[in-house]
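A quick write-up on the structure given underneath.
Protein chains: 2
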Amino acid sequence: MPAGSDLFLRMAWQRMGPSIADVAKLAGVGKGTVSRVLNGRPGVSEQTAAKVRQAIRQLGYTPNVQARRLAQNKSDLICFVLSNRDFLHEFHSLVLKGVESYCSKVGRDLVFALWRYPLDGNLASVVPPRIIANRGSVDGAILAGANHIECVKAISKLGVPCVAFGNNLIGCTYLSEVDSVWYDEQPGTREAIRYLASLGHRHIRFAANISLPWFARNYRAYSEAMLDFGLAPALIAVNDTTDYVEIGERAVQELLDSGEPTTAIFAGNDVVAVSVIRALARRGLKVPRDISVVGFDDSPRCIECDPKLTSVHVPKEALGAECARFLIEKISAPGRVSGARVVSTHLVVRESCAPPRQTS
Amino acid sequence: MPAGSDLFLRMAWQRMGPSIADVAKLAGVGKGTVSRVLNGRPGVSEQTAAKVRQAIRQLGYTPNVQARRLAQNKSDLICFVLSNRDFLHEFHSLVLKGVESYCSKVGRDLVFALWRYPLDGNLASVVPPRIIANRGSVDGAILAGANHIECVKAISKLGVPCVAFGNNLIGCTYLSEVDSVWYDEQPGTREAIRYLASLGHRHIRFAANISLPWFARNYRAYSEAMLDFGLAPALIAVNDTTDYVEIGERAVQELLDSGEPTTAIFAGNDVVAVSVIRALARRGLKVPRDISVVGFDDSPRCIECDPKLTSVHVPKEALGAECARFLIEKISAPGRVSGARVVSTHLVVRESCAPPRQTS
DNA sequence: AATTACTGTGGAACCGGTTCCAACGGATGC
DNA sequence: GCATCCGTTGGAACCGGTTCCACAGTAATT
Numbered sequence: 000m001p002a003g004s005d006l007f008l009r010m011a012w013q014r015m016g017p018s019i020a021d022v023a024k025l026a027g028v029g030k031g032t033v034s035r036v037l038n039g040r041p042g043v044s045e046q047t048a049a050k051v052r053q054a055i056r057q058l059g060y061t062p063n064v065q066a067r068r069l070a071q072n073k074s075d076l077i078c079f080v081l082s083n084r085d086f087l088h089e090f091h092s093l094v095l096k097g098v099e100s101y102c103s104k105v106g107r108d109l110v111f112a113l114w115r116y117p118l119d120g121n122l123a124s125v126v127p128p129r130i131i132a133n134r135g136s137v138d139g140a141i142l143a144g145a146n147h148i149e150c151v152k153a154i155s156k157l158g159v160p161c162v163a164f165g166n167n168l169i170g171c172t173y174l175s176e177v178d179s180v181w182y183d184e185q186p187g188t189r190e191a192i193r194y195l196a197s198l199g200h201r202h203i204r205f206a207a208n209i210s211l212p213w214f215a216r217n218y219r220a221y222s223e224a225m226l227d228f229g230l231a232p233a234l235i236a237v238n239d240t241t242d243y244v245e246i247g248e249r250a251v252q253e254l255l256d257s258g259e260p261t262t263a264i265f266a267g268n269d270v271v272a273v274s275v276i277r278a279l280a281r282r283g284l285k286v287p288r289d290i291s292v293v294g295f296d297d298s299p300r301c302i303e304c305d306p307k308l309t310s311v312h313v314p315k316e317a318l319g320a321e322c323a324r325f326l327i328e329k330i331s332a333p334g335r336v337s338g339a340r341v342v343s344t345h346l347v348v349r350e351s352c353a354p355p356r357q358t359s
Numbered sequence: 000m001p002a003g004s005d006l007f008l009r010m011a012w013q014r015m016g017p018s019i020a021d022v023a024k025l026a027g028v029g030k031g032t033v034s035r036v037l038n039g040r041p042g043v044s045e046q047t048a049a050k051v052r053q054a055i056r057q058l059g060y061t062p063n064v065q066a067r068r069l070a071q072n073k074s075d076l077i078c079f080v081l082s083n084r085d086f087l088h089e090f091h092s093l094v095l096k097g098v099e100s101y102c103s104k105v106g107r108d109l110v111f112a113l114w115r116y117p118l119d120g121n122l123a124s125v126v127p128p129r130i131i132a133n134r135g136s137v138d139g140a141i142l143a144g145a146n147h148i149e150c151v152k153a154i155s156k157l158g159v160p161c162v163a164f165g166n167n168l169i170g171c172t173y174l175s176e177v178d179s180v181w182y183d184e185q186p187g188t189r190e191a192i193r194y195l196a197s198l199g200h201r202h203i204r205f206a207a208n209i210s211l212p213w214f215a216r217n218y219r220a221y222s223e224a225m226l227d228f229g230l231a232p233a234l235i236a237v238n239d240t241t242d243y244v245e246i247g248e249r250a251v252q253e254l255l256d257s258g259e260p261t262t263a264i265f266a267g268n269d270v271v272a273v274s275v276i277r278a279l280a281r282r283g284l285k286v287p288r289d290i291s292v293v294g295f296d297d298s299p300r301c302i303e304c305d306p307k308l309t310s311v312h313v314p315k316e317a318l319g320a321e322c323a324r325f326l327i328e329k330i331s332a333p334g335r336v337s338g339a340r341v342v343s344t345h346l347v348v349r350e351s352c353a354p355p356r357q358t359s
């Protein structure tokens with residue numbers, strides 16, 4: 000492009016809009032003044048500002064984002080990284096929604112990236128997503144999906160501020176090992192047990208694959224709640240599959256085979272719960288008449304099944320929003336904030352629980 | 000920051016990495032040469048290139064993306080816009096997955112944005128998402144979710160290359176009115192009708208709210224297929240609600256009230272289909288023994304319900320990938336490609352259909 | 001030996017903003 | 001009347017890349 004070419008030439012040659020210099024020239028002021036008006040900084044007389052605004056309108060001027068980013072050495076971009084998930088399931092869709100909603104409120108945009116690596120394998124060869132590795136690409140990252148804690152630390156060490164979704168962290172020994180946001184299973188779980196107990200249930204069993212950390216955490220919360228209410232925790236473990244539907248089916252089979260008295264099932268999540276209900280139905284057992292079922296997550300499918308599922312609500316959007324808030328605090332005050340943040344859960348009562356049948 | 004400050008000062012003061020000038024100085028070459036090496040351009044001797052690579056390694060240099068973007072006037076960023084959807088449901092999650100997978104293959108990153116506007120109201124006051132309006136922010140946009148065709152045209156007129164998801168376009172009178180990617184309902188629908196007919200069904204009714212354009216398109220495909228097989232199309236319209244679950248329930252009620260002979264229901268989508276199955280079950284009718292049901296979309300819930308749902312598969316990932324491919328072609332060859340592209344559908348047979356009961 | 005051709009290479013100019021400093025003009029104070 | 005101060009303002013320098021032109025060597029040609 001020819002040096003010093005004027006606006007007309009530039010626009011004709013490439014699809015390039017007017018620049019701040021064109022505005023300045025038309026308004027008869029300096030570049031600095033236009034910049035001040037654009038960013039609402041003080042120190043410009045109303046008269047001059049009006050001239051500038053007029054020129055901006057006349058040219059249809061829009062600031063070039065890249066140039067601003069270069070000059071300010073920041074991008075106003077947040078990266079949402081979904082790790083080791085085949086795609087965005089309902090849960091993370093809602094987390095993303097919370098993140099998006101907070102980000103758009105504070106004028107930041109969202110980059111979406113996937114990240115895959117062996118969660119159990121050799122972590123030494125794991126490379127961060129390109130967008131994170133490129134310096135200056137994004138101001139920070141939210142690590143959602145399932146991550147190994149060492150990979151979160153690795154991203155941090157790259158100098159990119161980041162916040163992780165806590166409950167799916169692998170290898171994390173204590174809450175605040177990395178900056179993270181968690182949902183607390185306890186409040187909702189306690190409510191669920193109290194509710195079942197108040198209906199008269201005594202034999203409430205937990206069904207899941209507790210080799211998966213999130214189920215393990217739920218199970219611990221369940222156990223504590225049971226003990227608090229003077230009840231004996233009991234587990235139906237299906238630890239050799241990660242297919243939630245299969246976990247539900249096999250749990251029912253195992254339960255019926257064992258013949259142990261059971262009046263209610265607390266499922267590790269909603270998919271397991273729905274699968275449990277269907278497996279029970281196939282064996283002629285009706286929910287909640289013959290047995291009560293409680294799910295975990297409060298996903299949309301709770302109201303799409305019959306009976307509608309009583310479930311522990313996880314505030315997914317709030318979780319996402321909290322991740323975003325935390326990250327943006329970290330970005331604007333590096334080193335000033337850190338630790339773990341927690342959002343609460345609560346029970347949503349629907350139709351899948353009833354008083355236990357009078358034992359024959 | 001002081002002018003001409005050296006690397007050490009810059010890194011100490013702000014968290015700023017080494018720049019291309021630092022690499023050039025260390026390697027004893029010019030900036031241009033370093034740039035040539037970085038971008039793998041010819042015209043650099045192997046000896047010099049080696050020196051440069053050594054210096055890059057020594058400093059741990061990473062190029063600054065923003066600077067590159069400014070100089071090249073492109074961002075390598077694609078925007079995925081989800082319009083008028085409360086969040087990413089399964090369908091669009093999979094479309095997004097297809098987009099992501101194609102983009103990451105060709106080295107582009109993905110920005111995620113939501114866009115809300117009244118689809119029927121006053122379109123004059125609709126403002127495009129900030130990220131699109133900002134010149135230079137993204138190279139192009141994929142408009143997913145439900146869009147009004149005038150809004151797609153408005154984005155185009157801003158000079159931002161874009162491709163829209165076709166099937167949810169409002170106000171679109173012919174396929175190639177804007178650059179778009181569609182799934183073709185016909186092949187899968189014909190397969191479904193042929194399959195039902197081959198089982199012996201003659202009275203197959205379509206259930207949906209056909210005031211919604213996507214259902215209207217499905218209905219048209221259904222009607223054509225029915226006629227082709229010498230059968231009479233019949234509609235159960237529930238046009239006064241957009242709640243899919245309610246559509247299913249009310250359709251069943253209407254069907255039973257009418258008393259018209261019906262041996263199979265072709266639902267507008269899977270959510271409607273599942274709702275139909277449940278509503279039938281509540282009235283003591285079992286699928287597929289008493290009546291057959293076919294869904295549309297082939298969503299995950301097809302295998303999470305009982306019986307597993309036979310459904311017309313929409314290749315959502317392929318659709319997303321095609322959007323991305325189309326857009327990137329538009330970006331690299333402006334004005335050279337345009338029109339509508341189509342991906343096909345096909346039937347996936349599961350458990351929800353059987354030969355019709357011998358009429359009593 | 002002089003001319004031509006070609007390969008490498010340095011570096012100035014440029015992308016389009018932000019930031020900061022010097023300077024200007026008018027009002028105020030003495 | 002002169003010094004001081006403050007609100008405005010222009011513009012140079014800068015952010016960190018890319019691009020392109022000019023030019024130095026060296027090899028090939030005449």
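Residue numbers (numbering that gives the first Met the number 0), protein chains in the order written: chain D, 0 to 359; chain L, 0 to 359. Each residue gets a CB set at the ideal place from its N, CA and C atoms; glycine is no exception. Small disclaimer: the values here were computed from a predicted structure and weren't measured.
- Among the CB atoms of chain L, one or more fall inside 8 Å of the CB of Gly16/D.
- Exposure of Gln53/D is indicated by the presence of fewer than 16 other C-beta atoms within 10 angstroms of its C-beta.
- Listed along the chain, the chain L residues whose CB falls inside 8 Å of the CB of Asp305/D are Arg277, Ala280 and Arg281.
- With fewer than 16 neighbouring CB atoms inside 10 Å of its own CB, Arg281/D falls in the exposed class.
- In the pairwise beta carbon analysis, the stretch 289 to 304 of chain D is classified as not touching the stretch 231 to 248 of chain D: fewer than three pairs are separated by under 8 Å.
- Three or more beta-carbon pairs drawn from the stretch 338 to 347 of chain L and the stretch 182 to 194 of chain L are found closer than 8 Å, and the two stretches are therefore classed as touching.
- Neighbours of Gly135/D in chain L, taken as residues whose beta carbon is under 7 Å from its own, are Asn63, Val64 and Gln65 in chain order.
- As a beta-bridge residue in DSSP terms, His147/L pairs with Ile169/L.
- Distance from the CA atom of Ser210/D to the CA atom of Gly267/D, rounded to whole angstroms, is 12 Å.
- For Val286/L, the closest C-alpha among the options Asn167/L, Asp305/L, Phe295/L and Phe164/L is that of Asp305/L.
- Residue environment for Lys152/L: exposed (fewer than 16 other C-beta atoms within 10 angstroms of its C-beta).
- Within chain D, the residues placing a beta-carbon under 9 Å from that of Lys96/L are Asp85, Phe86, Leu87 and Leu113, ordered along the chain.
- Restricted to the stretch 70 to 141 of chain L, the alpha helix (DSSP H) segments that are unbroken, complete and at least 4 residues in length are 89 to 104 and 129 to 132, listed in chain order.
- Each of Glu321/L, Glu328/L, Phe265/L and Val341/L was checked against the Cα of Leu308/L, and the nearest Cα belongs to Phe265/L.
- DSSP places Ile235/D outside any alpha helix (DSSP H); the residue lies instead in the beta strand (DSSP E), whose first and last residues are Leu234 to Ala236.
- When the beta-carbon positions are compared, Ile131/D and Leu157/D come within less than 8 Å of each other.
- Where Thr261/D is concerned, there is no enclosing alpha helix (DSSP H), because DSSP gives it neither an H nor an E.
- The residues Arg107, Asp108, Leu109, Val110, Ser136, Val137 and Asp138, in chain order, have a CB closer than 8 Å to that of Leu76/L in the same chain once the five nearest residues on each side in sequence are set aside.
- Collapsing the DSSP output to three states places Ser298/D in coil.
- Taking 8 Å as the threshold, the shortest C-beta distance from Asp269/L to chain D does not fall below it.
- Taking 8 Å as the CB threshold, Arg68/D lines the interface with chain L.
- Think of a sphere of 8 Å around the beta carbon of Ala132/D: the chain L residues whose beta carbon falls inside it are Thr61, in chain order.
- Straight-line measurement puts the Cα of Arg335/L at about 40 Å from the Cα of Val159/D.
- For Lys104/L, the closest C-alpha among the options Arg324/L, Ala220/L, Gly199/L and Ala145/L is that of Arg324/L.
- Assigned with DSSP and collapsed to three states, Cys322/D falls in helix.
- Taking each of Glu223/D, Phe164/D, Asn167/D and Pro212/D in turn and checking the Cα distance to Gln185/D, the smallest one comes out for Glu223/D.
- Taking 8 Å as the CB threshold, Asn167/D stays off the interface with chain L.
- DSSP places Val348/D in the coil class of the three-state scheme, outside both helix and strand.
- The Cβ atoms of Val51/L and Ala26/L lie closer than 8 Å to each other.
- DSSP links His312/D through a beta bridge to Asp296/D and His345/D.
- Our two residues, Cys171/D and Met225/L, have alpha carbons roughly 58 Å apart in a direct line.
- The distance from the Cβ of His147/D to that of Leu118/D is about 5 Å, consistent with a contact at the 8 Å cut-off.
- Put simply, the CB of Asp183/L is far from chain D, with every gap to its CB atoms at 8 Å or more.
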